[in-house]
Every structure is written in C-alpha cells, then in structure tokens.
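Working notes, beginning with the structure itself.
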Amino acid sequence: MNDAPVTTTRDLRTGRPVWLDSPGIGVACRGRIARSAYDVVIVGAGISGAMLAYRLRRQGGKVLVVDRRRPLHGSTAASTALLQFEIDTPLFALSRTIGREAARRAWRRSVAAVGDLHRLVRRERIRCGWRDARTLYLAGDAYGRIALRAEAEARAAAGISGSYLDHADLSERFGIDRTGAILSAGSAQADPMQLAAGLLRRAVAKGVRICAPVEIAAIAASGDGVALATADGTAIAARAAVFCTGYEILKAIPDQGHAIRSTWALASARGATAPDWLADHLVWEGADPYLYLRRSADGRIIAGGEDEPWSEAHADTRLLREKTRRIARKVRALIPGLRFRVAHRWAGAFGESRTGLPFIDRVPGHPHCYAVMGFGGNGITYSMIASDIVAALLAGEDDPDADLYRFRV
Ligand SMILES: Cc1cc2nc3c(=O)[nH]c(=O)nc-3n(C[C@H](O)[C@H](O)[C@H](O)COP(=O)(O)OP(=O)(O)OC[C@H]3O[C@@H](n4cnc5c(N)ncnc54)[C@H](O)[C@@H]3O)c2cc1C
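Numbering-wise (the working numbering), the sequence shown opens with residue 1182 and increments by one.
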C-alpha cells in the first residue's frame, strides 16, 4: 500500500471562531480503533461526516468515523452557517453553463435540502440556535439590478422563491441603498458546531464509533472492499470508505477546475444594536468577493467575506485584522443603525468549483471509495444533499440528481 498522505495537510482555519465557546459541542470519541473491519469508514468528522454518520446510524457499530483532528475542528468550526438554498451561481447563469433543466434541478434540490435539514433538526430536537430566515440578495458588482431581475424571473419560472425589490422598495423596507435585491423565503441559520455535534451524538447513540485523532494515510483496493492504513500503521478493512475531508482534498481526485481560496469572518459580542428585521434575514450580495451577514439567535452579528484566491492567505495574522476590520466597516456602512463590537475574528480555507456545485461521487480509480466535496458558499446545504446521495450509492440505489454532482473524467 502506498503510504503517501491521501489528503493534503493544511491548516483549515486561523483565529478563534465564535462557536468554539458554544455549549453542547462535545462528542464521545475514542483514541483507539476497536475492530479491524467495518462496513463503512467515514473519513472526516465535520458537518458532512456528521450528516452521513447520522444517515447510516442504523448500521450500528459497523460504521466508523475517523478524523485527524478533534471532531468538528476542521472547516465546520469556521463556518458562518448561513443555511441557504441559494447557490453562489444564480439560476439564470447556471442554466447557461449546465442547461436549464439541470440548473433548475440543482436549485430545487438545494431548496429541498434546507427543508429536510429543518425537519431533521426539529424531529431530533437538536439545540443549535436554528432560526428560519429569509434572504436578501443585494445587487453588486458581479450581478447588478438587471441580472437580479433576470434571476427573479428565472426563479419564478422554476417555482423557486424570490421576489425582486427595486431601489425604492429596498430602501423603504430595509433602509439599504442598493439598486435592487431579491427577497426569498426558505433559508435558515444555526450554530454549525452544535448542529454537527447533535448529529454525531445521535449517531454514536445508535452504535456508530468515532475515533480521533486518527489520520488516514493510505488507501488501496482490497477484494470486494477497501483497505485503509492510518498514519500510525493500523490497518482497517471496509466495504466502503467515504472521504468527507472538506477542503483537504483527496489526492486521487482529478482536476475539476476547482480551487481552494481563503475567506474571513467575524462575530460581534452579544447584544449588538440592529434593526429588528435582521433577526430573521440573511444578507448577501451579487459581488465578487461578496459580503454577507446575519444576526444569530443570541444577538451577535456574524459577517464574512473578503475572499482571496490563495489557499494559504487565511493563515496570515496581519491579514486577519485587516480583512475583518474591512468587513466590519462594510457591514456598518450597508445596514443603517447597526452598532456592534467585534469579539471574534477568524479565517479559513474554502473551496469553489466552476459551477458553484459540489462534487459527490465515487472516487475515480478507487473502487468502493466515495468523496464529498461540498464546495461553494452553501457548503452545509451540500453536506445534506451529499448524505442522501452517498447513502443511496452505498445501498446500490439511484438518486435522481446524482448526475449533477459527478466528477467529470
Ligand atoms: C469562514 C467560512 C465561512 C463559511 N460560511 C458558510 C456558510 O455561511 N454557509 C455554509 O453552508 N457554508 C459555509 N462555509 C462552508 C462550510 O463551512 C463547509 O462547506 C463545511 O464546513 C464543510 O464541512 P466538511 O465536513 O465537508 O469539512 P470539514 O469540516 O473541514 O471536515 C473535514 C474533516 O476531515 C478531516 N480530515 C481531512 N483529511 C483527513 C485524513 N487524511 N484523515 C483523517 N481525517 C482527515 C479534517 O481534520 C476535518 O476535520 C464556510 C466556510 C468558511 C471557511
């Protein structure tokens, strides 16, 4: 077995995300792997691994989740957790790239995923500060008022929420000075670590095992399954392995024109002064890079943006201050009456694909291996979609939308 690292080893984040201080983010995990054979090994205990482990929980002790870090300490800890169905690439633009019907399916699938996640959180009573939200998508330098009008029409034709507001509507209802916006229902916000921890705990309660820190260093085909080797030389046999390794990308993945970028975020102290409407609206813009913000259930302003096209830029501590200062300044200028003190700053790596869609597929050339690469600003929504698709693939069933998320080889 080739024992070169199977994923990149990079820092996923710097600074201190606000969620690290949240209550209820602990998950029982072991240091040693108890058995030598499993049905499914999930590599990566972030929100993607958590959702899949939850889906597979009824397989009991035959599902193992491993992570080279503590569970949930990858990019999930850095997420600002706007849980949106709105894909980075507007529907009208995605239609030009992948065709109208496929683009509509991709958008509708995201709408369904946020709804499914909400039902799951309610059913399982996961305490994660969940709040339903509308989104306000503002005209910006990448998509201006004319593009947003076209987008509202494309969404209406596809039966997807989104009504166009012109400058006067926007200014009157929200006090925001932009040429236009799309207002839509059907998104949400939450604490990403509490959400993922809640799912992992429910999976563990049904017999799923979590072991960390355990790094998977090598994979090889083995009979009708896959053999995995940990960095300390432990061998694990599995019927299937699923790499939910976030932005530490499996080396076997062919180039899909995807890129890892750096992004910055901040959280204010609790009790920020904000207009009432912000409690249940997520705000973002059709700009490159875009600015986004929300107000959490406990009264913090959470905001982010200022992306740079380098994967390592987020590790620069000087940039951390500069970028988060700029985000705070832009947010204050955008929303009249917003007053807050920045209490947490952090930065992280995140992935982008050409289309804004994730990759959720079998790993080319590696039988019984699957990859979940939830690229885009709505990565958590994609984690939800991935748990459906991978669960179907593992069960030998079809998912009607699996073709949207395949690797192009
Ligand atoms: C600043 C920031 C803001 C964001 N905001 C939003 C947002 O508002 N809404 C949204 O939907 N998404 C957002 N995202 C994206 C979202 O956070 C990610 O899509 C999501 O967290 C990815 O989860 P994951 O479980 O796939 O990856 P991760 O959480 O990164 O988990 C992958 C895990 O795999 C482990 N791993 C990697 N390689 C190995 C190996 N060889 N062996 C063992 N373990 C391994 C890592 O240690 C890691 O813990 C944001 C991201 C950032 C950085």
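We treat Cβ as the ideally placed atom computed from N, Cα and C, and that holds for glycine.
To which residues of the same chain is residue i closer than 7 Å at the C-beta, ignoring the five residues directly before and after it?
i, result
"Arg1312", "Ala1369, Gln1370, Asp1461, Ala1478"
"Asp1488", "Arg1442, Ser1443, Thr1444, Pro1470"
"Ser1217", "Ala1416, Ile1417, Ala1418"
"Tyr1219", "Lys1243, Val1244, Leu1245, Ile1417, Ala1419"
"Tyr1428", "Leu1193, Ser1256, Ile1441, Ala1530, Phe1531, Gly1532"
"Leu1500", "Ala1494"
Flag this pair as yes or no: are the beta carbons of residue i and residue j separated by less than 8 Å?
i, j, result
"Ala1209", "Ala1393", "no"
"Val1199", "Ala1448", "yes"
"Ser1229", "Ser1534", "no"
"Thr1270", "Ile1430", "no"
"Leu1474", "Ile1482", "yes"
"Arg1390", "Arg1251", "no"
Taking the beta carbon of residue i as the centre, do at least 16 other beta carbons fall within 10 Å, making it buried, or is it exposed?
i, result
"Thr1562", "buried"
"Lys1504", "buried"
"Glu1267", "buried"
"Gly1305", "The question names Gly, but residue 1305 is Glu in the sequence shown. Looking at its Cβ environment, which holds fewer than 16 other Cβ atoms inside 10 Å, Glu1305 is exposed."
"Pro1548", "exposed"
"Ser1344", "exposed"
"Thr1498", "exposed"
"Ala1514", "exposed"
"Pro1373", "buried"
"Gly1546", "exposed"
"Val1590", "exposed"
"Pro1539", "buried"
"Gly1340", "exposed"
So, helix, strand or coil for residue i, using DSSP?
i, result
"Trp1288", "helix"
"His1254", "coil"
"Phe1355", "helix"
"Ser1403", "strand"
"Thr1498", "helix"
"Ala1460", "helix"
"Val1590", "coil"
"Phe1266", "coil"
"Trp1200", "helix"
"His1348", "helix"
"Glu1334", "helix"
"Ser1443", "strand"
"Ala1419", "strand"
"Ala1274", "helix"
"Tyr1473", "strand"
"Ser1365", "strand"
Once you ignore the five residues that flank residue i on each side, which residues in its own chain have a CB closer than 6 Å to its CB?
i, result
"Ala1450", "Arg1522, Ala1524"
"Arg1326", "Ala1320, Thr1360, Gly1361"
"Leu1384", "Sequence check: residue 1384 is Ala here, not Leu. Cβ within range, chain order: Ala1234, Tyr1235, Arg1238."
"Gly1356", "Pro1517"
Going along the chain, which residues of its own chain have a beta-carbon closer than 8 Å to the beta-carbon of residue i, five neighbours each way excluded?
i, result
"Asp1579", "Ala1573"
"Val1221", "Leu1237, Gln1240, Lys1243, Val1244, Leu1245, Ala1419, Arg1420, Ala1421, Ala1422, Val1423, Leu1575"
"Trp1491", "Arg1442, Ser1443"
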